[in-house]
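Everything on this sheet refers to the single structure shown next.
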Amino acid sequence: MKRISLNILLLACASMLFSACDKNLLDQNNPDAITSIDLWKDPKLIGLYLNTIYGDRPGWNYNFYDNIADDSRSNWTGNEPNNHIYDQWMDGDVGGYTAYWKYEEVVRINDFLANIDAAQMDDATKTRYKGEARFMRAFLYFEMVQRYGGVPVITKVQHITDDLSVPRNSLNDCFKFIIEELDQAATELPPDAPRGRVSKGAAMALKGRVALYWASPQYLTTDDNALYKDVETINSNTQGAGAAERWKAAADASQAVIALGAYDLNPDLKALWLDKSANNKEAIFEVQYKKGFKSHGLDALVKPPYLGAGDGGQRFPLQELVDAFPMKNGRLIGESGSGYTASDPYTGRDDRFYAAIGYNGAKTWGNKGGVLTQIALETFEGGRDYGNMDAGNTLTGYYTLKALDTQNINYSYRAGSDQPWLEIRYAEVLLNYAEAANEYMAVPDQSVYDAVNKVRTRAGITTVLTPGSLTKDQMRSLIRNERYVEFCLVEQKRYWDLKRWGVAHEKLNNVKHHSVYITQTGSTFTYDYPERDPRPLRFDKRMYWFPIPGSELTKNLKLMQNQDWPLPPGR
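The following block contains the structure:
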């Protein structure tokens, strides 16, 4: 008889995804041997099992995905991000931080969906639970597809007598499966759900993201020389829908979320990450944390050493990102009429800049000797927060402020912070819609301008873009820059955007990114912008798809490795 791990259930309880655990719930004669029969008879155990599925979702990333794009850099030269940007793969299994082969979690969800219908609980709860589990399975597959391309789609419980060697499904079949799963989940999920639980809107919003990727150049091209493909050869005979049809489908998916009227932008860019109340209408799906049960280390890993607590040096913004923030009038710093002054580069920028970037003179808070202390950053030569990079001071001239809890003094190495990880927020829905609609239209219409203007107005930009003022190509460039600054740093989106647009081999290959070097003479500062990367970055086109982990290729001989990545010994 199958037994369910008690440790997994207890971990779920500790995650606090439910408000509380019944202390008598596991009071059995032999609690280490809860059988599957016991589980599916007890609604509380079923709820805890579902919590383990929630608990599998990743949240705050320590230092990887921002530091391998043009967002930021890590001080520590030998760690995973710096190995990755020079294509130096350290893991003998080929994968390292990129590995995301999550079939153990798929198995758990498949088991849940196979048994929930016969469970002893009310039908309405069963339906909602199925929708939640289905959403999580779709998310898992999407995360794998964006890394590897086509992967094996397994939806049934596998038994020891089954053939466990399963080949990869095509890229298109994977996307179709994910979208169908999300459509089904949307019919099973409630329109409203407590924060941290999946709602109908979350399934619809994730569908919008997935559809946007499927329409993007990385996933839809007939040019075999344009990008490396996964094991499925994509050509005019296998594509199915054309690019315009896919862009239209992506726009429709995000428009459906907008039409719900259930979400809105949080007017306070700093409170966005700290407001855990139901009033935060921007949060659509999140991973929650609670001190004492589950925490992360965001506040610690980006503090200057003066306010540090055993961590730091992990996410310093690059000059390229700083330069991408518009001025208050909406113009980029290099545009005529922007009002940008090279001798005063941090004045007059949009509100996102001040919420995200710790520049010379910016105020920040932290723990100094157990006391909540405010400082003005000194990132000039000779300043308190510059130099001595081995101690964790900035190597770019900037610090990350985005999403920090300015009142927290209990942060420590990889722990002590509990801001929720906003995986999907309404600003993304708006920009997903704007991008997809602009791509299928001959010229952007009022709805595209409305979506972009809403995001920019929240950022404090005073100039409203009017229909007809931008061409399709100009709107594309503007939307891409909006995504860069809106989702910069902690949100882990830039790297995937550069890949799906098919420009990563231009933006992240044979280039060096920059920092600021500030000198002070009296009350005057002088700004220079040296190269920060010690040698040119390398992004080989094979890196559009990550390698299948070698251990999986050894276990499953039907798996094919992605193009130009090695096979393990014996394959």
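Numbering-wise, the sequence shown is residues 1155 to 1725 according to this note's numbering.
Glycine is no exception: its CB is placed at the ideal position from the N, C-alpha and C atoms.
- Beta-bridge pairing by DSSP links residue 1576 to 1440.
- Under the Cβ criterion (8 Å, minimum of three pairs), the region 1638–1649 counts as touching the region 1474–1492.
- Of the candidates 1253, 1205 and 1235, the residue whose Cα lies closest to the Cα of residue 1266 is 1205.
- Runs of alpha helix (DSSP H) with 4 or more residues, each lying fully within the region 1268–1334, are found at 1277–1302, listed in chain order.
- For residue 1515, same chain residues with a beta-carbon under 6 Å away, outside a window of 5 residues either side, are 1530 in chain order.
- Looking only at 1291, 1549 and 1656, the smallest Cα-Cα distance to residue 1694 is reached by 1656.
- Taking all protein chains in view, the Cβ of residue 1313 is surrounded by fewer than 16 other Cβ atoms within 10 Å, so the residue is classified as exposed.
- Per DSSP, residue 1663 lies in no beta strand (DSSP E) segment and is marked neither H nor E.
- Inclusion of residue 1357 and residue 1339 in the CB contact set at 7 Å is warranted, their separation being smaller than that value.
- Under the DSSP assignment, residue 1675 falls in the beta strand (DSSP E) whose first and last residues are 1671–1675.
- Classified as buried, residue 1367 has 16 or more neighbouring CB atoms from the shown chains inside 10 Å of its CB.
- Around the beta carbon of residue 1715, 16 or more other beta carbons lie within 10 angstroms, which makes this residue buried.
- In the DSSP assignment, residue 1359 falls outside any beta strand (DSSP E) and lies within the alpha helix (DSSP H) extending over 1354–1369.
- Residue burial is scored here from C-beta neighbours: residue 1567 has fewer than 16 other C-beta atoms within 10 angstroms and is therefore classed as exposed.
- Going by beta carbons, residue 1403 and residue 1365 fall inside the 7 Å limit.
- In the structure shown, residue 1715 adopts coil according to DSSP, grouped into three states.
- Taking the C-beta atoms as reference points, residue 1512 is found nearer than 7 Å to residue 1553.
- Classified as buried, residue 1572 has 16 or more neighbouring CB atoms from the shown chains inside 10 Å of its CB.
- In this structure, residue 1259 sits away from residue 1317, with a CB-CB distance that is not shorter than 7 Å.
- In summary, residue 1433 is exposed, with fewer than 16 beta-carbon neighbours lying within 10 Å of its beta-carbon over all protein chains present.
- CA-CA distance, residue 1362 to residue 1410, rounds to 9 Å.
- Under the three-pair Cβ rule at 8 Å, the region 1218–1234 counts as touching the region 1457–1469.
- Of the residues assessed, residue 1542 falls on the exposed side of the cut-off, its CB having fewer than 16 other CB atoms within 10 angstroms.
- Burial is judged here by how many other beta carbons sit within 10 angstroms of a residue's own beta carbon; residue 1525 has fewer than 16 and is exposed.
- In this structure, the alpha-carbon of residue 1282 lies about 51 Å from that of residue 1533.
- When C-alpha distances from residue 1580 are compared across 1608, 1556 and 1560, the shortest belongs to 1608.
- The region 1429–1443 and the region 1211–1221 touch, with three or more beta-carbon pairs separated by less than 8 Å.
- The secondary-structure analysis by DSSP pairs residue 1526 across a beta bridge with 1521.
- By a beta-carbon distance limit of 8 Å, residue 1418 contacts residue 1435. Their separation comes to about 4 Å.
- In this structure the region 1574–1589 does not lie against the region 1543–1552, because fewer than three pairs of beta carbons, one per stretch, are closer than 8 Å.
- Distances from the CA of residue 1650 to each of 1287, 1483, 1302 and 1257 were compared; the closest alpha carbon is that of 1302.
- DSSP places residue 1459 in the helix class (H, G or I) of the three-state scheme.
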